[in-house]
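Everything on this sheet refers to the single structure shown next.
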Amino acid sequence: MKKITALYADENGEVFDAPNYSGVGRIGNEFVELKPQDLIKLPESVDLMFLPNRKAVGLKNNKISTIKGQAVSAILPAGYTRTFLPAFEKDEKNSKILPLYGYTAVVLYRDELHAAAIYTDENHKWNPIHYNTRDLKKFVRRVKKDLPNNRIVNQVANCSLNWHCLTAQNLFYRRWEAGIPTSPTCNAQCLGCISLQPAECCPSPQNRIDFKPTVEEISDVGIYHLTNAEDAIISFGQGCEGEPSLAYENISAAIKKIREKTNRGQINMNSNAGFTEGVKKIIDSGLDSIRVSIISAKNESYDAYYKAAYHLDDVKNSIQYALEKNVYVSLNMLYFPGFNDREAELDAWIKFFEKFPVQMIQVRNLNIDPDLFLDTMPEKYGKMTGTKKFLQTLKEKFKNIQIGSFSHYIN
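Each residue of the sequence shown is one higher than the one before, starting from 78 at the first, in our numbering.
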């Protein structure tokens, strides 16, 4: 019962344990034997996936060996940060790029499935039990009736019913954080973009908006949600759009119209913060909070991932301006075991937070094929500290920065 046992899947996707093989995880390109302190019981609402044309790997007779079946991965719910990737040996000739998920090592321990992860944040508002309810379609019809012919409402209705986006659904449930997509264009080409990917990569899990909402469409949705919802937040910069700061003229004008009608709730923007001019205009119009997507505090690493029309210094300028204007700043830190936790990356983050004391770090598992990511990023440098030590170091050095996974309502 105390042994950590590797798993594999057959051609039908049924999962089995491999009693003769100890469980192994992957950090970067290294295989590591998993220990009890690396594991947590598999959370509720987790998904298991097998990885096509990738053989499972385990430890047998103190040697890394392949197992006859396919590798198995856990896909964790929000609030959990993976510490090890699944270990596998890829069939180079027949394997395709994996879809955009956060692949996590999973094993059998004490006769129960366990994942290599830590619990990062608790927020009941994002529990899946609150979403995709029987009443959702009725609530969608209600808002469409209240805001007829509004293209944003139609967009997020589709996101709610077909893509099951939680932020989109909150508009119809009249509660918490609701997304208002605004920008069909972007100034970056993120490797793991969930709304637009090059044909040779993996399919995007949702479609980007193909229109530019008017000031009236934006403000009508914003006023509607902020006046009706509990702990109301409206957020620009959703998964179904590009970079919202590129639509700064309409967003800025809409925020002013919203605040002429109501002072309730919080106005947030999720942004790469690379277009500083647009970010400043939106902040000056009355933005309350900004969450900045970022993967690295090193120029070379940042550029390799975002492939953007701007650079990290532009992001820093935007963050500095937001802090000066008393806007609540959180970072959406895209996290990958074996990359962020390398010594050189950690050192860069320490220098970053010494200069830019943001209020929060939201650690998010990067949804991407592990091999695609590592093949794209710069040459490996420095040894890995491990996820737990990486986060613990930041907590100890920056006690005023909250580390979690979710956006929280700010009074």
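We put the CB at the ideal spot given by N, CA and C, even for glycine. Because the structure is a prediction, the values reported are computed rather than measured.
Start-to-end residues for the beta strand (DSSP E) that takes in residue i
i, result
"residue 133", "124-137"
"residue 108", "107-110"
"residue 340", "Residue 340 -> no beta strand (DSSP E), and no H or E assigned at all."
"residue 324", "Run containing residue 324: none; DSSP gives neither H nor E here."
"residue 151", "140-152"
"residue 244", "That residue, residue 244, is in no beta strand (DSSP E); its alpha helix (DSSP H) goes 243-250."
"residue 405", "405-412"
First through last residue of the alpha helix (DSSP H) which encompasses residue i
i, result
"residue 426", "420-432"
"residue 400", "389-401"
"residue 467", "464-474"
"residue 356", "353-361"
Where residue i sits in the DSSP three-state scheme
i, result
"residue 308", "strand"
"residue 88", "coil"
"residue 120", "coil"
"residue 491", "Residue 491 lies beyond the range of the chain shown here (78 to 488); nothing can be said about it."
"residue 435", "coil"
"residue 166", "strand"
"residue 285", "coil"
"residue 455", "coil"
"residue 442", "strand"
"residue 478", "coil"
"residue 486", "coil"
"residue 373", "coil"
"residue 274", "Caution applies to residue 274, whose pLDDT of 49 falls short of 50 and renders its modelled position unreliable; the value that the coordinates give is listed next. Reduced to three states, the DSSP call for residue 274 is coil."
"residue 237", "helix"
Beta-bridge partners of residue i, as assigned by DSSP
i, result
"residue 313", "346"
"residue 95", "83"
"residue 157", "196"
"residue 181", "151"
"residue 101", "110"
"residue 329", "Paired residue(s): none; residue 329 is not in a bridge."
"residue 366", "345, 405"
Proximity test, residue i beta-carbon vs the ligand NAD heavy atom, cut-off 7 Å
i, result
"residue 115", "Of the ligands one can find in the structure shown there are none, so the ligand NAD has no counterpart to examine."
Cutoff 8 Å: residue i Cβ touching any chain B Cβ
i, result
"residue 132", "In the structure shown, chain B does not exist; there is a single protein chain."
Enumerate, from N- to C-terminal direction, the unbroken alpha helix (DSSP H) stretches of 4 or more residues contained entirely within the region 185-230. 213-223
Pairing CB atoms from the region 176-193 with CB atoms from the region 229-239, are three or more of them under 8 Å? Remark: fewer than three beta-carbon pairs, one from each stretch, lie closer than 8 Å, so the region 176-193 and the region 229-239 are not flagged as touching.
Could you tell me whether the region 214-227 touches the region 160-175, where touching means 3 or more Cβ pairs closer than 8 Å? No: fewer than three Cβ pairs fall under 8 Å.
Please confirm if the region 136-151 is in contact with the region 195-213, defined as three or more CB-CB distances below 8 Å between the two stretches. Contact fails: fewer than three Cβ-Cβ distances are below 8 Å.
Can you find at least 3 beta carbon pairs, one from the region 366-384 and one from the region 405-419, that sit closer than 8 Å? With three or more CB-CB distances shorter than 8 Å, the region 366-384 counts as touching the region 405-419.
Is the region 373-380 touching the region 323-335 in the sense that three or more CB pairs, one from each, lie closer than 8 Å? no
Would you check if there are 3 or more beta carbon pairs closer than 8 Å linking the region 348-367 to the region 293-301? no
I want to know whether the region 135-142 touches the region 83-102 - three or more CB-CB distances under 8 Å. yes
Would the region 334-346 and the region 385-393 be scored as touching if the rule is three or more Cβ pairs under 8 Å? Look at the beta carbons and you see the region 334-346 not touching the region 385-393: under three pairs across the two are nearer than 8 Å.
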